[in-house]
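S.K.: Below is a structure I'd like to ask you about.
Protein chains: 4
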Amino acid sequence: MANSKYAYVRNFELPDPLLPNTFLVFRLDGHSFHRFSDTHNFTKPNDVRALQLMDHAARDTMQVHPDIVLGFGESDEYSFLLKKSTTIYNRRQSKILSTLTSQFTSSYVFHWTTYFPETPLQYPPSFDGRIVLYPTSKEVKDYFAWRQADTHINNLYNTTFWALVQQGGQSTTEAHATLRGTFSKDKHEILFSRFNINYNMLDPRFRKGSVLVREEVDNEEETGPRRPQMTRITLIHCDLIKDEFWDNRPWLLSD
Amino acid sequence: MANSKYAYVRNFELPDPLLPNTFLVFRLDGHSFHRFSDTHNFTKPNDVRALQLMDHAARDTMQVHPDIVLGFGESDEYSFLLKKSTTIYNRRQSKILSTLTSQFTSSYVFHWTTYFPETPLQYPPSFDGRIVLYPTSKEVKDYFAWRQADTHINNLYNTTFWALVQQGGQSTTEAHATLRGTFSKDKHEILFSRFNINYNMLDPRFRKGSVLVREEVDNEEETGPRRPQMTRITLIHCDLIKDEFWDNRPWLLSD
Amino acid sequence: MANSKYAYVRNFELPDPLLPNTFLVFRLDGHSFHRFSDTHNFTKPNDVRALQLMDHAARDTMQVHPDIVLGFGESDEYSFLLKKSTTIYNRRQSKILSTLTSQFTSSYVFHWTTYFPETPLQYPPSFDGRIVLYPTSKEVKDYFAWRQADTHINNLYNTTFWALVQQGGQSTTEAHATLRGTFSKDKHEILFSRFNINYNMLDPRFRKGSVLVREEVDNEEETGPRRPQMTRITLIHCDLIKDEFWDNRPWLLSD
Amino acid sequence: MANSKYAYVRNFELPDPLLPNTFLVFRLDGHSFHRFSDTHNFTKPNDVRALQLMDHAARDTMQVHPDIVLGFGESDEYSFLLKKSTTIYNRRQSKILSTLTSQFTSSYVFHWTTYFPETPLQYPPSFDGRIVLYPTSKEVKDYFAWRQADTHINNLYNTTFWALVQQGGQSTTEAHATLRGTFSKDKHEILFSRFNINYNMLDPRFRKGSVLVREEVDNEEETGPRRPQMTRITLIHCDLIKDEFWDNRPWLLSD
């Protein structure tokens, strides 16, 4: 075969299996989304259309890959949990990483017009991803707590910042200066006293991020358009930091 | 900071640098493209629109990432060569792999309607990718020779197969049986004697695949829409197996 | 500095940290010990001097490296458990692997004459090692059960085999043939009926292997020649397969 | 088989092949040799017995492993070059690293009494090792140049330092202070003017380190005690930094 004299180059493709029986967390982030959100006039501090599009791409990714049991999104990033027992693609790192990143990206572009019917996509956006292994459920819970605590910190800052700019008339430089050194309670106070905003009454989507949880379904109804499953993927905006979320869904962390 | 008690989970993100001063080849393949091409009625044995869309996505990827100096595409796969001296993303494997896969995927979906104006995309397609390291230029040349030899073998088979089916009235089972055990010259003979097709006169795009080569440009004109560069990316359908291609473009393999 | 123009070669030394908070098992095996044991006239089926020398080298290794909490030896192999929280050498794989292998080897050669005063070492023996990560305590227990079950299987076979040869007058070929297809109970029966050997009464060192366990010591006495510690390393020949061993020593698997 | 229910733990032993067709450099260093050399009263600044023992252990390692073509030693470290085409242990990293480290260590302890007949070994010394991959011969040459430049810098410093202490009557603190900020020529001048030592006339073993080079032998004589080979390992103390060494021995860097 004409091909055989070159086939030795395949020997340079080295195996990259991930440690068995360890939780996989796959996280992806928008690449240069500061520029991307400016170009497409995303609403500040939160663009509900852009967040819903992220959720849609994440849900698609979970539909196609049933071993993903949980997703958590905020801003232009999304994290996914795969069961510790997953054998997806024989746990080959590059295959998993590239396929999941590709699927999410593809869905994001595919569904763009659904969420931005008046805003044509100007150029193809991209995401970067990584896989992190966690040996125990404690670390998995702390991982998602870490991301949700980050959501809270960022959103409180951004909400106050853009209130100062959009309603308070400050320049962005002034708003940064106003917030320098402030604590959470100071930002709550600014929002309430100056702008009559009760932060805790804002849309939990912004304050908590998006949680996509795969739940088992008792009856035989099909839940996915392409892959009949006995599970349903539900979007909620709830607390992930306390144990309650995990205690109520023991299958997420079990074998 | 509320976040700090969880931040230890970052310690599980391990470094993954690629060996310095080694050629990087990034290859991606369509995921379940047999089904994808059926769903979207791709022409057999080659759909020129689908191939042009692949080329477009590849060109975009090279525009955004100037360290890619060469691309080679056939069917639903594309390979890219990065210079051995590249320090893209500090040579972090996951970052490079996920970003390039995402960029290509995004461009593929973004430009779909340009090439398939009458065929709406039915669902978001995905690709998987891998990075392979090659220490010397000999292996790089043999890698691309391997892929182009594969193009030849596959295309000759597919061209003869679909001629038997589409023009010869055979069933696909019969056509496979007809070709079992045949050599290249037998397929050439079938094409010529039964269907009056001179294989060597077919579109070189199908026989040779697509070569995207980054060439240095002498004058100061800008060549890219988003990134002014002193290089130009040219699409050709030429032989990669003989040394001539490489000898005429020494910058591809140099430091 | 004259050295600086070459120092770039250090960039090719890539990081190799092991996943945090995961159990490390380090196992080493004698290299070509079939030949080594023949050359030095090891007693068959078990040479108690050679086994004691292995135990001594293992104990030395544990004295020098306090993060090793357990050792298990049989024949020419030894396995060591490091706590999941260990930060030995910042969990750098090559550093840990090479240092532990070197320490064990060095002690083996160093103490040779203590156990083989009449048998000069003919040439320097070597060992190879590997590190395996286990995310949970279940796998750690099963790992040691696996090694001890292997000890049992091998020792029962070897004991019967050498009884047939040494006491039964069979050639080694005949003895292998006699044992082909036999089950455990058959070998017990051969030993008892032909040679009056009650296998279960043999030295537990041979049947169970060697267990070196690090135990906490209440008082302030020093236990190591070079490194005062509040722990003591105890050699026992006990069952590792049932839970009792682990239940009685919870510190081995705790954080 | 009693063993089979535990055998799954082997799935956690992951493959670790090194990139093919790439030079391997294996370097090992004495572990805590400052203390070791004090305990055993090594002569300062260089103990020729200790250096010869290192050379002997290195030569043994090269005898046992024919794919090592070059060794370079200084002080308590040794570097070895393996041919880029080597398939030793299928290029499995842990196997190679642990075996070579073990062999060297074993030989070091084994031959101790030959070089230190009056100085009993007080405790088992250990070494740590690492493997570094280099894609091209340029980096290999620069690696060895880096080590030899280091030899020069360290030896000139140490020679001057110990002259100040041993012959000049300075304390070690004073000697360090005397040398602070000095250049090479200053140290040469101190040695010559104060102690009448012409540095360039010192034993090249100290100034250049030890080079063990595998050379092809024309006739059929056996050169190794255990492995008849058509090669001979020669110890020299020559310059590795200029190209001449490599130009005269093209087989070291060839395929």
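Chains as they are written, first to last, in the UniProt record's numbering: chain A, 1 to 255; chain B, 1 to 255; chain C, 1 to 255; chain D, 1 to 255.
Glycine included, every Cβ here is placed at the ideal spot set by N, Cα and C.
Below 8 Å on the Cβ atoms is my contact criterion, and I expect residue 117 of chain D with residue 106 of chain C to pass it. Report the Cβ-Cβ distance as a whole number of Å.
M.R.: Taking the fourth sequence and counting its residues from 1, one reaches residue 117 of chain D at position 117. Taking the third sequence and counting its residues from 1, one reaches residue 106 of chain C at position 106. No, residue 117 of chain D and residue 106 of chain C are not in contact; Cβ-Cβ is about 19 Å, not under 8 Å.
S.K.: Could you say which of B:183, B:176 and B:159 lies nearest to residue 262 of chain B if we only look at CA atoms?
M.R.: This structure cannot settle anything about residue 262 of chain B, because the visible part of chain B is limited to 1 through 255.
S.K.: Just checking: is the beta-carbon of residue 139 of chain A within a distance shorter than 8 Å of some beta-carbon in chain C?
M.R.: As a position in the first sequence, residue 139 of chain A is number 139, starting the count at 1. By this cut-off, residue 139 of chain A is an interface position.
S.K.: For the UniProt domain "tRNAHis guanylyltransferase catalytic" (6 to 135) of chain A, which segments carrying the beta strand (DSSP E) assignment without a break, of at least 3 residues, lie completely within its bounds, in sequence order?
M.R.: Fully enclosed beta strand (DSSP E) runs of 3 or longer: 23 to 30, 68 to 74, 77 to 82 and 127 to 134.
S.K.: Specify the secondary structure class of residue 211 of chain D as computed by DSSP and reduced to three states.
M.R.: Here residue 211 of chain D corresponds to residue number 211 of the fourth sequence, with the count starting at 1. Three-state DSSP puts residue 211 of chain D in a strand.
S.K.: By a C-beta neighbour count over all protein chains shown, 10 Å radius and 16 as the cutoff for buried, is residue 255 of chain A buried or exposed?
M.R.: As a working mapping, residue 255 of chain A is identified with position 255 in the first sequence. With fewer than 16 Cβ atoms within 10 Å of its Cβ, residue 255 of chain A is classed as exposed.
S.K.: Helix, strand or coil: how does DSSP classify residue 235 of chain A here?
M.R.: Taking the first residue of the first sequence as position 1, residue 235 of chain A is located at position 235. The answer is strand: DSSP assigns residue 235 of chain A an E or B state.
S.K.: Can the beta-carbon of residue 19 of chain B be found closer than 8 Å to that of residue 129 of chain B?
M.R.: Indexing the second sequence from 1 puts residue 19 of chain B at position 19. Indexing the second sequence from 1 puts residue 129 of chain B at position 129. Their beta carbons are not under 8 Å apart, which means residue 19 of chain B does not touch residue 129 of chain B by this criterion.
S.K.: Using a beta-carbon distance below 8 Å, is residue 244 of chain C in contact with chain A?
M.R.: To locate residue 244 of chain C, count along the third sequence from 1; it is residue 244. So, not an interface residue.
S.K.: With 16 as the cutoff for other CB atoms within 10 Å, does residue 142 of chain A come out buried or exposed?
M.R.: Taking the first sequence and counting its residues from 1, one reaches residue 142 of chain A at position 142. With 16 or more Cβ atoms within 10 Å of its Cβ, residue 142 of chain A is classed as buried.
S.K.: Looking at the C-beta of residue 90 of chain D, does it have a partner C-beta in chain A at a distance below 8 Å?
M.R.: If you number the fourth sequence from 1, residue 90 of chain D lands on position 90. Closer than 8 Å: no.
S.K.: In whole angstroms, what separates the C-alpha of residue 149 of chain D from that of residue 208 of chain B?
M.R.: Along the fourth sequence, one-based indexing puts residue 149 of chain D at 149. Along the second sequence, one-based indexing puts residue 208 of chain B at 208. Roughly 51 Å separates the two Cα atoms.
S.K.: Along chain A, in chain order, which residues have C-beta atoms closer than 8 Å to that of residue 110 of chain B?
M.R.: The sequence position of residue 110 of chain B within the second sequence is 110, counting from 1. Result: 109, 121, 123 and 124.
S.K.: Is the beta carbon of residue 16 of chain B sitting closer than 8 Å to the one on residue 92 of chain B?
M.R.: Indexing the second sequence from 1 puts residue 16 of chain B at position 16. Indexing the second sequence from 1 puts residue 92 of chain B at position 92. Yes; because the gap between Cβ atoms is below 8 Å, this pair is in contact.
S.K.: Go to residue 142 of chain B, then tell me how far its alpha helix (DSSP H) extends in each direction, as first and last residue.
M.R.: Numbered from 1 along the second sequence, position 142 holds the residue referred to as residue 142 of chain B. Looking at the DSSP string, the run of the alpha helix (DSSP H) that includes residue 142 of chain B is 137 to 166.
S.K.: Between residue 163 of chain D and the rest of its own chain, which residues show a CB-CB distance below 7 Å, the 5 nearest in sequence each way excluded?
M.R.: Counted from its first residue, the fourth sequence places residue 163 of chain D at position 163. Here the set comprises 191, 195 and 197.
S.K.: Can you name, in chain order, every residue of its own chain whose Cβ lies under 6 Å from the Cβ of residue 214 of chain B, other than the five neighbours on each side?
M.R.: Counted from its first residue, the second sequence places residue 214 of chain B at position 214. Result list for residue 214 of chain B: 69, 231 and 233, in chain order.
S.K.: Use the C-beta contact count for residue 201 of chain C: other C-beta atoms within 10 angstroms, 16 or more gives buried, fewer gives exposed.
M.R.: As a first step, residue 201 of chain C is located in the third sequence; it is residue number 201 there, counting from the start. Residue 201 of chain C comes out exposed.
S.K.: So what does residue 216 of chain B bridge to, in DSSP terms?
M.R.: By 1-based counting over the second sequence, the position of residue 216 of chain B is 216. Looking at the DSSP assignment, residue 216 of chain B forms a beta bridge with B:231.
S.K.: Specify, as a first and last residue, the run of the alpha helix (DSSP H) that residue 179 of chain B falls within.
M.R.: In the second sequence, residue 179 of chain B corresponds to position 179, counting from 1. From DSSP, the alpha helix (DSSP H) with residue 179 of chain B extends over 172 to 179.
S.K.: Let me see if you follow: with CB-CB separation under 8 Å, is residue 15 of chain A close to chain C or not?
M.R.: The residue given as residue 15 of chain A occupies position 15 in the first sequence. Residue 15 of chain A does not count as touching chain C.
S.K.: Against residue 19 of chain D, what residues of chain A qualify as contacts under a CB-to-CB distance less than 9 Å, listed in chain order?
M.R.: The residue given as residue 19 of chain D occupies position 19 in the fourth sequence. Within 9 Å Cβ-Cβ: 12 and 14.
S.K.: Taking the CB atoms as reference points, tell me whether residue 76 of chain A and residue 33 of chain A lie closer together than 8 Å.
M.R.: For the purposes of this step, residue 76 of chain A is taken as residue 76 along the first sequence, with counting starting at 1. For the purposes of this step, residue 33 of chain A is taken as residue 33 along the first sequence, with counting starting at 1. Yes.
S.K.: Check residue 243 of chain D in the structure and name its three-state DSSP category.
M.R.: Working through the fourth sequence from its first residue, we reach residue 243 of chain D at position 243. Reduced to three states, the DSSP call for residue 243 of chain D is coil.
S.K.: Going by CA-CA distance only, name the one from B:132, B:108, B:113 and B:249 that's closest to residue 94 of chain B.
M.R.: Residue 94 of chain B sits at position 94 when you count from the first residue of the second sequence. Taking only the C-alpha atoms, the option nearest residue 94 of chain B is B:132.
S.K.: Within 10 angstroms of the Cβ of residue 146 of chain C, are there 16 or more other Cβ atoms? Answer buried if so, exposed if not.
M.R.: Translated into the one-based positions of the third sequence, residue 146 of chain C becomes position 146. Looking at its Cβ environment, which holds 16 or more other Cβ atoms inside 10 Å, residue 146 of chain C is buried.
S.K.: With a threshold of 6 Å on Cβ separation, who are the neighbours of residue 252 of chain B within its own chain once the five nearest residues in sequence on each side are excluded?
M.R.: Taking the first residue of the second sequence as 1, we reach residue 252 of chain B at position 252. Answer for residue 252 of chain B: 69 and 70, listed in chain order.
S.K.: Taking its Cβ as the centre, do 16 or more other Cβ atoms sit within 10 Å of residue 61 of chain A, making it buried, or is it exposed?
M.R.: For the purposes of this step, residue 61 of chain A is taken as the residue at position 61 of the first sequence. Buried, because 16 or more other Cβ atoms sit within 10 Å of the Cβ of residue 61 of chain A.
S.K.: Return the residue from the list C:235, C:181 and C:83 that minimises the CA-CA distance to residue 56 of chain C.
M.R.: Locating residue 56 of chain C in the third sequence gives position 56, where the first residue counts as 1. Answer by Cα proximity: C:235.
S.K.: Suppose the cutoff is 6 Å on Cβ atoms and the five residues either side in sequence are ignored; what does the same chain contact list for residue 40 of chain C look like?
M.R.: Along the third sequence, one-based indexing puts residue 40 of chain C at 40. Contacts found: 119.
S.K.: Please tell me whether residue 133 of chain B has its Cβ less than 8 Å away from any Cβ of chain D.
M.R.: The residue given as residue 133 of chain B occupies position 133 in the second sequence. Yes, its Cβ sits closer than 8 Å to a Cβ of chain D.
S.K.: On a CA-only basis, which of B:140, B:204, B:102 and B:165 is nearest residue 250 of chain B? Give me that one, please.
M.R.: The residue given as residue 250 of chain B occupies position 250 in the second sequence. The shortest C-alpha separation from residue 250 of chain B is found at B:140.
S.K.: Exposed or buried, which one is residue 227 of chain D when buried takes at least 16 other CB atoms within 10 Å?
M.R.: Reading the fourth sequence from its first residue, position 227 is the one you call residue 227 of chain D. Reliability fails at residue 227 of chain D, whose pLDDT of 49 lies under 50, so the model's placement of it is uncertain and the value that follows must be treated cautiously. Exposed, because fewer than 16 other Cβ atoms sit within 10 Å of the Cβ of residue 227 of chain D.
S.K.: Check whether the Cβ atoms of residue 58 of chain B and residue 212 of chain B sit closer than 8 Å, and answer yes or no.
M.R.: Here residue 58 of chain B refers to the residue found at position 58 of the second sequence. Here residue 212 of chain B refers to the residue found at position 212 of the second sequence. Yes. Within cutoff.
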